[in-house]
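In this note's numbering, the protein residues as written are 25 to 159.
For each residue, glycine too, the CB sits at the ideal point set by N, CA and C.
The next block holds one structure in the form of structure tokens; read it before the comments.
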């Protein structure tokens, strides 16, 4: 079975080109992708992840609120007994924030210029499919 992925744009960030490019690359890579659209709250993102039964959530942000929004989503997933859902992020994230986000449970951060093939390969290698195995 294919890996199910939720791509989300948390907060008031209105720049979604990168999220759509990643969503398309993942879809073209054989994954099932759900895109939530713009201006999603952490609660909406977590609810969508649970309803869609995804294995991974990809967050895209350009607003600078990554240090607040990414950990909030991780916390909400834990509260809903869904900490097995892998969370990765991308967008404008300063290098000095990457390790802090990883220490809070974000599995990986992809910054602008990362080839989409690298993101697809990372998801395949690090996210279990519905059978519990990475591809």
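Alpha carbon to alpha carbon, what distance is there between residue 74 and residue 42?
-> 24 Å
Rounded distance between the beta-carbons of residue 109 and residue 147, thought under 8 Å | Actually they do not touch by this definition, with Cβ atoms about 13 Å apart.
Residues of its chain near residue 140, where Cβ-Cβ distance is below 6 Å and the 5 sequence neighbours each way are ignored | 49
Distance, Cα to Cα, residue 27 vs residue 56?
-> 6 Å
Hey, out of 76, 83 and 29, whose CA is closest to residue 35's CA?
-> 83
Local conformation of residue 34 per DSSP, three classes = strand
Taking 8 Å as the threshold, find out whether the region 103 to 122 comes into contact with the region 58 to 66 through three or more Cβ pairs.
-> no
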